[in-house]
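To keep things clear, I will list the structure first and then write my remarks on it.
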Amino acid sequence: VVIGGEFGRTPMGQGKEKGIGRDHHMKGFSMLLAGGGIKGGITHGATDDFGYHAVEDVVHVRDLHATMLYLLGIDHNRFTVPYQGLDTRLTGVEPAEPVMPLLG
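Quick note: the sequence shown uses this note's numbering, first residue 130, plus one each step.
See the structure below:
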C-alpha cells in the first residue's frame, strides 16, 4: 500500500484571514508504505523543527520508485516505458537505488 501525493504543503498558513491556505511544498512531505515487504512500525527521515526542510535520511522520488519496483521484483534499471520515441526509465536518467532500510 502506498499513500501519498506528489508534494506536501508548507507548514505555515498563507494569505489573508478569509482565504488562509498553505502552498505546495516539495522540500518536506510524507508518504505511507505498508505491506509487501515494507518493514512495519518505523519512521524514516525527518524535517527541521519547522517542518520545512527534510534534513535526515532524505528519499528522492526516483529512489521511492526504485523501491516500489524492487518490491514488485522488477529491475528499475531495465524497466522502461516508451515516451516520445525513447525508452525511458520510470526512475529517470539520474542514478536511483531502492531504500533498503525500509525493507523488512
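Glycine included, C-beta positions come from ideal geometry on N, C-alpha and C.
As a beta-bridge residue in DSSP terms, E185 pairs with A175.
Ranked by Cα distance from G137, the options A183, K147, G169, Q213 are led by A183. Our two residues, M141 and T176, have alpha carbons roughly 14 Å apart in a direct line.
Cβ neighbours of K168 within its own chain (closer than 7 Å, five residues either side excluded): L231, L232, G233.
As the crow flies, the alpha-carbon of P227 is around 44 Å from that of E146. Its Cα nearest to that of A163, the residue H173 stands out among H173, K156, R218. Beta-bridge analysis with DSSP links T209 to R218.
In its chain, beyond the 5 residues on either side, L200, L232, G233 have a beta carbon closer than 7 Å to the beta carbon of G166. Nearest C-alpha to M229 among G150, V188, M160: V188. In summary, G157 is buried, with 16 or more beta-carbon neighbours lying within 10 Å of its beta-carbon over all protein chains present.
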